[in-house]
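Colleague: If you scroll down you'll find the structure; I have some questions about it.
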Amino acid sequence: MITLSRGLVLRHGERQLEFERDLGDGRVQFKYLDNFEIVTFKVSQLLKDIFARKYVPTSVPPSSDFREDTYSAMPVSWTPRQLKLIEFRLRFVKGVLNTPVRSFSRAQCKIVAEKVWSAIADEATKKGEKTPFRPPSGATVEAWARKYLASDQNAYVLVDRREFTVRPKRIQVDVECIVDRLIAKRYLSLRGPSVKQVTSEIREAVKQHNRTKGTALQCPSERTINRRVEQIPPYIRDVKRVGVDYARNKWRYSLKGDQSSRIMERVEVDHTILDIWVIDPRTGVPLGRPWITLLIDRYSGYLLGLYISFYGPSSATVARALQVSILPKDDWVEALEEHPLRWTAMGVPELIVVDNGLEFHAANFKRIGWELRCDLIFNPVRQPWFKAAIERAIKESNRTLPMHGRVHSVIGNAIAPDPSVTAAVVFDDLCTCLVQWASQAYPLQIHPKTLCRPWDLWEEGRLSSPPAMLPTQLNGLDILCGLAASRRVDGDGVFFQYLRFNSVELQDYRRQNRGSFQAEIRFNPDDLSSIYVNLPKAKSWLNVPLQRPLFNDGYGLSLVQLQIIRQELGRRLTRANAYEEMEKSILRLQASWEDATKRGLRVRKHSALVRLQGLTSVPMEPSRPQPTMTTEVPLQVSQVMQTKLPEVMPFRSFSLEEN
């Protein structure tokens, strides 16, 4: 115990301070004993520094058997026997100190000890109990009293210190080395063996050491090895045997947190796949499970924006979610049937917190941060508790989904319903309901610890903060939001997913730059009415519209809808046996050509004879002069043939060379 009065001396490192005066307004003054410098302290701060051992009181001289660092600190816990022992010994010490004499001798302590012991024995006899301790001698009581006074009347110094004594190890040094080596090498390894197996290996190692060195060392028991293992910190054991991620997750703890002080200071972003199947509003075909990207303000817990798509996590989906959060959302809220709350979230955040997904480490996402002039922070791997607000929001977004088309977890020996069969929610209705949840329901949820609503915290912060920062243009963000691909640009423009994109400006650029070229394109997967084409030499982007759309006139047609429509048309053709009919028609046509060829070969005659019959005007040998009626017939022709020739050729023959 100390008092802020004359005689109090504090030790500060190698220097000492002595109490000087109390100023009476909560401040006291001390002076350094080496140069008599006067310093002023606030009493509250001085006591905190004394408790923190920054200033150590030295006015009480320590005795030879008293150590300040051992007895001054209050113990954490004591066993019932230890507390009874302290109470028992303190009763003898109080009896000695309450004697009228100022000093006490061993004889006086013996007399007091006998009186106190007789009183304790009488009390135990009346209760029908036995005294748990033996009566002390006068010398023992004297030692207790002097130790009690030397510790500034600290009753805990009267406890039996033998229970706290660190006993030396009874294992030989060589055995100790073997035990430490095998525990570190075998037990503290990934998926390492058990303590029992390690004990067997230690036993074999000790036997090998005895055979090699000629010693007679004793192997420790399995219980001893188990105690050694238990002395290893459990965090280290889990890190070595299971893994760093498991140990970090199991032994994690929370301190101050992110310490956000205002809205839009820290915005967390994450995405997940929704546990529901939706159907296409135009064709009624099940589309599958969409992905949702959410942004939340860490200070207030207010949702800033969302984006729903079927394209999985990518820098484009995150960019579109950021674009939604930046722009006003009055049109979205007014489209709802009931909207008592406004969705007032807009503006560029100061800091964006993400995890270590590949989409966040992409070059396009870093360019998004540069485009918006905001900072980026990547959380450690597999530690989602550093962005707990967005994780809770994602969990709540899945909880609000209906049961129709819900994806159920796998349960052993149970058949879960097929979500593609039970799907009954249209994709447009899903987007509408999630917008209603984000703008009307989630801001009104009450936090169980702080009893605050995100809506109240957001509105208070919005009124006390400067106006939201908005970008001057979003063209760069639109291009960054698009998905990238590489296509060839020629006279037909650009073909992408069986759609043709072309414009006069694109063809003018192609003519000026000597023909076709390979270019990078950016497209919005939610709207294929146009794409962006990168012009290499101009180093700019050109917006190219869709030409002659095949489905839905090209307006509002998404990539997933295009793929679903093509798949459905393919299945429709399959059901109608269209491919088989086409192949059969081709085979029939080929058979018809073969039949026509065979008939032609049978009907075909010698070209000279056909020409003589007047069926053609093409001569057999145009360069050879044709015989006339006046031409003499060769001698080898018979007289009968000569008489019949005028009847066979009733007209004069001619050739194409004649006029």
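Numbering (the working numbering), first residue to last: 544 to 1202.
Where a beta carbon is used, it is the ideal one built from N, C-alpha and C, also for glycine.
Taking contact to mean 3 or more Cβ pairs, one atom from each stretch, closer than 8 Å, check whether the region 758-765 and the region 893-907 are in contact.
Modeller: Touching, no, given that fewer than three Cβ pairs across the two stretches are closer than 8 Å.
Colleague: Is the distance from the Cβ of Ile989 to the Cβ of Phe1039 below 8 Å?
Modeller: Taking the sequence shown and counting its residues from 1, the one referred to as residue 989 is at position 446. Taking the sequence shown and counting its residues from 1, the one referred to as residue 1039 is at position 496. Result no, Cβ atoms of Ile989 and Phe1039 do not sit closer than 8 Å.
Colleague: Would you list the residues sitting across from Gln559 in a DSSP beta bridge?
Modeller: Within the sequence shown, the letter at position 16 stands for residue 559. Paired residues: Arg554.
Colleague: Apart from the five residues on each side of it in sequence, which residues of its chain come closer than 7 Å, Cβ to Cβ, to Thr674?
Modeller: To locate residue 674, count along the sequence shown from 1; it is residue 131. Counting only Cβ-Cβ distances below 7 Å, and skipping sequence neighbours, we find Ile663, Ala664, Ala667.
Colleague: Sorted by chain position, which residues of the same chain lie with C-beta nearer than 6 Å to Tyr730's C-beta, five sequence neighbours on each side aside?
Modeller: By 1-based counting over the sequence shown, the position of residue 730 is 187. Result list for Tyr730: Val741, in chain order.
Colleague: Please report how far the alpha carbon of Thr583 lies from the alpha carbon of Leu884, in whole angstroms.
Modeller: Within the sequence shown, the letter at position 40 stands for residue 583. Within the sequence shown, the letter at position 341 stands for residue 884. About 56 Å.
Colleague: Measuring alpha carbon to alpha carbon, tell me which of Arg780, Arg713, Ser1029, Asn753 ends up nearest Ala727.
Modeller: Along the sequence shown, read from residue 1 onward, the residue named residue 727 stands at position 184. It is Arg780.
Colleague: Report yes if the CB atom of Glu811 is closer than 8 Å to the CB atom of Lys690, and no otherwise.
Modeller: As a first step, residue 811 must be located in the sequence shown, where it is residue number 268. As a first step, residue 690 must be located in the sequence shown, where it is residue number 147. Against a cut-off of 8 Å, the Cβ pair of Lys690 and Glu811 comes out as no contact.
Colleague: With 16 as the cutoff for other CB atoms within 10 Å, does Tyr850 come out buried or exposed?
Modeller: Within the sequence shown, residue 850 is the residue found at index 307, counting from 1. Tyr850 should be labelled buried.
Colleague: If you measure between the beta carbons of Val1103 and Leu901, is that distance less than 8 Å?
Modeller: Along the sequence shown, one-based indexing puts residue 1103 at 560. Along the sequence shown, one-based indexing puts residue 901 at 358. The answer is no: Cβ separation not under 8 Å.
Colleague: Quick one: any contact between the region 815-825 and the region 933-941, if contact means 3 or more CB pairs under 8 Å?
Modeller: Touching, yes.
Colleague: Taking 8 Å as the cut-off, does the region 793-807 touch the region 747-755 (at least 3 CB pairs, one atom from each stretch)?
Modeller: Touching, no.
Colleague: Which residue from Thr708, Ile768, Gly735 puts its Cα closest to that of Ile714?
Modeller: To locate residue 714, count along the sequence shown from 1; it is residue 171. Among Thr708, Ile768, Gly735, the Cα nearest to that of Ile714 is on Ile768.
Colleague: What separation, rounded to the nearest whole angstrom, lies between the Cα atoms of Phe562 and Pro623?
Modeller: Taking the first residue of the sequence shown as position 1, residue 562 is located at position 19. Taking the first residue of the sequence shown as position 1, residue 623 is located at position 80. The straight-line gap from Cα to Cα measures roughly 41 Å.
Colleague: With DSSP as the reference, identify every bridge partner of Asn1077, one or two as the case may be.
Modeller: Here residue 1077 corresponds to residue number 534 of the sequence shown, with the count starting at 1. According to DSSP, which records beta bridges pairwise, Asn1077 is partnered with Trp1084.
Colleague: Reducing DSSP to helix, strand and coil, say where Pro1165 ends up.
Modeller: As a working mapping, residue 1165 is identified with position 622 in the sequence shown. A caution first: Pro1165 carries a pLDDT of 49, below 50, which makes its placement in the model unreliable, though a value can still be read off. The answer is coil: DSSP assigns Pro1165 none of H, G, I, E or B.
Colleague: On the three-state DSSP scale, how would you describe Val896?
Modeller: Locating residue 896 in the sequence shown gives position 353, where the first residue counts as 1. Reduced to three states, the DSSP call for Val896 is strand.
Colleague: Does the separation of the CB atoms of Lys585 and Arg570 fall below 8 Å?
Modeller: Taking the sequence shown and counting its residues from 1, one reaches residue 585 at position 42. Taking the sequence shown and counting its residues from 1, one reaches residue 570 at position 27. Going by C-beta atoms, Lys585 is nearer than 8 Å to Arg570.
Colleague: Expressed to the nearest angstrom, what Euclidean distance is found between the alpha-carbon atoms of Ser843 and Ala984?
Modeller: Translated into positions along the sequence shown, residue 843 becomes position 300. Translated into positions along the sequence shown, residue 984 becomes position 441. Cα to Cα, Ser843 sits roughly 15 Å from Ala984.
Colleague: On the DSSP letters alone, give me the boundaries of the beta strand (DSSP E) that Ile989 sits inside.
Modeller: Stepping through the sequence shown from its first residue, residue 989 is reached at position 446. Neither: Ile989 is in no beta strand (DSSP E) and is coded neither H nor E.
Colleague: Ignoring anything shorter than 3 residues or poking outside the region 863-950, list the beta strand (DSSP E) runs there in chain order.
Modeller: You should have 894-897, 918-921.
Colleague: In whole angstroms, what separates the C-alpha of Val891 from that of Asp873?
Modeller: By one-based count along the sequence shown, residue 891 stands at place 348. By one-based count along the sequence shown, residue 873 stands at place 330. Near 17 Å, if we compare the C-alpha coordinates of Asp873 and Val891.
Colleague: If we count the other Cβ atoms within 10 Å of its Cβ and call it buried at 16 or more, is Asn1120 buried or exposed?
Modeller: Taking the sequence shown and counting its residues from 1, one reaches residue 1120 at position 577. That one is exposed.
Colleague: Sorted by chain position, which residues of the same chain lie with C-beta nearer than 6 Å to Val978's C-beta, five sequence neighbours on each side aside?
Modeller: In the sequence shown, the residue the question calls residue 978 occupies position 435. Here the set comprises Trp875.
Colleague: Which same chain residues, not among the five before or five after Ser868, have their C-beta less than 7 Å away from its C-beta?
Modeller: As a working note, residue 868 is residue 325 in the sequence shown. Leu838, Leu847, Gly848, Ala888, listed in sequence order.
Colleague: Could you have a look at Glu1126 and say whether DSSP puts it in helix, strand or coil?
Modeller: Residue 1126 sits at position 583 when you count from the first residue of the sequence shown. Glu1126: helix per DSSP, three-state reduction.
Colleague: Check Tyr598 in the structure and name its three-state DSSP category.
Modeller: As a working note, residue 598 is residue 55 in the sequence shown. DSSP places Tyr598 in coil when its eight states are reduced to three.
Colleague: How big is the Cα-Cα spacing for Cys917 and Tyr845?
Modeller: In the sequence shown, the residue the question calls residue 917 occupies position 374. In the sequence shown, the residue the question calls residue 845 occupies position 302. About 19 Å.
Colleague: Classify Ala906: buried if its beta carbon has 16 or more other beta carbons within 10 angstroms, exposed otherwise.
Modeller: Within the sequence shown, residue 906 is the residue found at index 363, counting from 1. Under this definition Ala906 is an exposed residue.
Colleague: Rounded to a whole number of angstroms, what is the C-alpha to C-alpha distance between Phe853 and Arg925?
Modeller: Taking the sequence shown and counting its residues from 1, one reaches residue 853 at position 310. Taking the sequence shown and counting its residues from 1, one reaches residue 925 at position 382. Distance between the alpha carbons of Phe853 and Arg925 is about 25 Å.
Colleague: In angstroms, rounded to a whole number, what distance separates the CA positions of Arg1030 and Asp1051?
Modeller: The residue labelled residue 1030 in the question sits at position 487 within the sequence shown. The residue labelled residue 1051 in the question sits at position 508 within the sequence shown. Looking at the two C-alpha atoms, the distance is approximately 18 Å.
Colleague: Would you mind sorting Glu1123 into buried or exposed? The rule is 16 or more other CB atoms within 10 Å of its CB.
Modeller: Within the sequence shown, the letter at position 580 stands for residue 1123. The residue is exposed, with fewer than 16 neighbouring Cβ atoms inside 10 Å.
Colleague: Could you spell out where the alpha helix (DSSP H) holding Ser963 opens and where it closes?
Modeller: For the purposes of this step, residue 963 is taken as the residue at position 420 of the sequence shown. Note, Ser963: alpha helix (DSSP H), 962-965.
Colleague: Under a three-way DSSP split, which group does Ile806 fall into?
Modeller: By 1-based counting over the sequence shown, the position of residue 806 is 263. Of the three classes helix, strand and coil, the one that applies to Ile806 here is coil, per DSSP.
Colleague: Taking only three categories from DSSP, how would you classify Trp794?
Modeller: Taking the first residue of the sequence shown as 1, we reach residue 794 at position 251. Correct three-state label for Trp794: coil.
Colleague: Which class does Gly958 belong to by DSSP, given the choice of helix, strand or coil?
Modeller: As a first step, residue 958 is located in the sequence shown; it is residue number 415 there, counting from the start. The sequence given here places Ile at residue 958; Gly does not occur at that position. Three-state DSSP puts Ile958 in coil, outside helix and strand.
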